[in-house]
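Structure first, then comments.
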Amino acid sequence: EPEVTQTPSHQVTQMGQEVILRCVPISNHLYFYWYRQILGQKVEFLVSFYNNEISEKSEIFDDQFSVERPDGSNFTLKIRSTKLEDSAMYFCASSELGGRSTGELFFGEGSRLTVL
Amino acid sequence: AQKVTQAQTEISVVEKEDVTLDCVYETRDTTYYLFWYKQPPSGELVFLIRRNSFDEQNEISGRYSWNFQKSTSSFNFTITASQVVDSAVYFCALSETAGANNLFFGTGTRLTVIP
């Protein structure tokens, strides 16, 4: 069964460092997303991406964050200068046709980011 | 503004018992979508169901059933004859767009099924 894959599964970084989280969405999907989950809290929307541009973003997704689809397969989330409060599990997701077909976002297993 | 409330933080049941997870939502839109996701200990988010606001028909899928009631803004999830593998955190979520671009998640209910 096709799946969304994310790397790394866990990354530890020093505050102020740049971090890139990588995702390989399901190959025929057109919409891509990043969500995050601070430990023990709810899952929060960060950004959606379609046709090589951001289609929607939340208040969390400030200038420190950026997304890119550099090579047609990977979908990356970059945090330019990490803060302690960026420590969270980051989930990548993809869907067909904006989710209209099944309404299902396929989530990856997440990348845990720990900022020290 | 959208809001999803899962008042039950944690629930424990003994295997084979039935359990209902509550979800109450708020939205100003007349068109919206409700979801349930399961997050097992491994951490991934597993899609369970989507329901649109025009379809109040209850749904059953094996041991899972969902009760959508617009009058009370609730979308409750029942697991019948619970099993240990059902132990997970369950999230209810709301989207006000057909594309589910922006899912608003509840805080989740941690279900523990005791053998």
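Protein chains in written order, with my numbering: chain W, 29 to 144; chain B, 2 to 116. Don't be surprised by glycine CBs; every beta carbon is placed ideally from N, CA and C. Here the structure is a predicted model, which is why all the values come from computation and not from measurement.
Under the Cβ distance rule, N103(B) counts among the residues neighbouring chain W, one pair being separated by less than 8 Å. Cβ neighbours of S83(W) within its own chain (closer than 7 Å, five residues either side excluded): S76, F77. Within its own chain, the residues whose Cβ lies closer than 7 Å to the Cβ of P98(W), once the five positions on either side in sequence are excluded, are T104, listed in chain order. Residue pairing for T142(W): DSSP places it in a beta bridge opposite V40(W). Taking one beta carbon from each stretch, the region 111 to 123 of chain W and the region 59 to 72 of chain W have 3 or more pairs nearer than 8 Å; the two touch. Residue range 116 to 123 is occupied by the beta strand (DSSP E) that includes A116(W). Under the Cβ distance rule, L46(B) counts among the residues neighbouring chain W, one pair being separated by less than 8 Å. Three or more Cβ pairs closer than 8 Å define a contact, and the region 33 to 43 of chain W meets that threshold against the region 135 to 144 of chain W. Proximity of T108(B) to chain W, defined by a Cβ-Cβ separation below 8 Å, is satisfied. Look at S54(B): its C-beta is not under 8 Å from any C-beta on chain W. Residue state for E137(W) is assigned as coil, using DSSP reduced to three classes.
Residues of the region 61 to 72 of chain W whose Cβ lies closer than 8 Å to any Cβ of chain B, in chain order: Y61, Y63, Q69, K70, V71, E72.
The beta carbon of L49(W) sits closer than 6 Å to those of L105, Y118, S139, all from its chain and outside the five residues before and after it, given in chain order. Between the alpha carbons of E45(B) and V95(W) lies a distance of about 21 Å. Counting only unbroken stretches of 3 or more residues, the beta strand (DSSP E) elements lying wholly within the region 55 to 113 of chain B are 60 to 62, 65 to 70, 75 to 80, 89 to 96, in sequence order.
Under a criterion of Cβ atoms nearer than 9 Å, no residue of chain W is adjacent to S74(B); the nearest Cβ is some 18 Å distant.
The beta carbon of T79(B) is closer than 8 Å to those of D19, V20, T21, L22, Y65, S66, W67, N68 in its chain, skipping five residues each way along the sequence. When the beta-carbon positions are compared, F60(W) and S101(W) stay at least 8 Å from each other. Taking a beta-carbon distance threshold of 8 Å, F89(W) does not count as an interface residue toward chain B. At least one C-beta of chain B is nearer than 8 Å to the C-beta of M117(W). Take K85(W), set aside five residues on each side of it, and the residues of its chain with a beta-carbon closer than 6 Å to its own are V75, in chain order. Counting along the chain, no beta strand (DSSP E) covers R97(W), and no H or E run does either.
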